[in-house]
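Participant: Following this message is one structure expressed as structure tokens.
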Amino acid sequence: MKFSPDSTGMPAVWVYLHFEDDYDPSDAKINRLRKVSSAISQKLLAMELDSWPYVKLVTD
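When the sequence shown is numbered by full-length UniProt numbering, its final residue is 60 and no position is left out of the sequence of numbers.
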């Protein structure tokens, strides 16, 4: 997790989720990743930080 401004200069928190590269992910895997990403964003928003959350999926 990293705190730094976004492209507009506004405060942001960047969360990077690392996972194994998959060139043909199943629909179930895509849905799980979306749910995890959304849950993290919602949790950070509920904390009422001064930074907007950006959750990025990164392949290793």
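We put the beta carbon where it would ideally sit given N, CA and C, even for glycine.
How many angstroms separate the CA atom of residue 31 from the CA atom of residue 9?
Facilitator: As a position in the sequence shown, residue 31 is number 31, starting the count at 1. As a position in the sequence shown, residue 9 is number 9, starting the count at 1. Between residue 31 and residue 9, the C-alpha separation is close to 31 Å.
Participant: Using the C-alpha atoms, what's the distance from residue 16 back to residue 59?
Facilitator: Taking the first residue of the sequence shown as position 1, residue 59 is located at position 59. Taking the first residue of the sequence shown as position 1, residue 16 is located at position 16. So the alpha carbons of these two residues sit roughly 10 Å apart.
Participant: Could you pull the start and end residues of the beta strand (DSSP E) that residue 57 belongs to?
Facilitator: Residue 57 sits at position 57 when you count from the first residue of the sequence shown. 52-59 is the extent of the beta strand (DSSP E) around residue 57.
Participant: In whole angstroms, what separates the C-alpha of residue 26 from that of residue 37?
Facilitator: As a working note, residue 26 is residue 26 in the sequence shown. As a working note, residue 37 is residue 37 in the sequence shown. One C-alpha to the other measures close to 17 Å.
Participant: Since residue 15 sits in a beta bridge, which residues does DSSP pair it with?
Facilitator: Taking the first residue of the sequence shown as 1, we reach residue 15 at position 15. Paired residue(s): 55.
Participant: Between which two residues does the alpha helix (DSSP H) carrying residue 7 extend?
Facilitator: As a working note, residue 7 is residue 7 in the sequence shown. Looking at the DSSP string, residue 7 is not in any alpha helix (DSSP H), and its letter there is neither H nor E.
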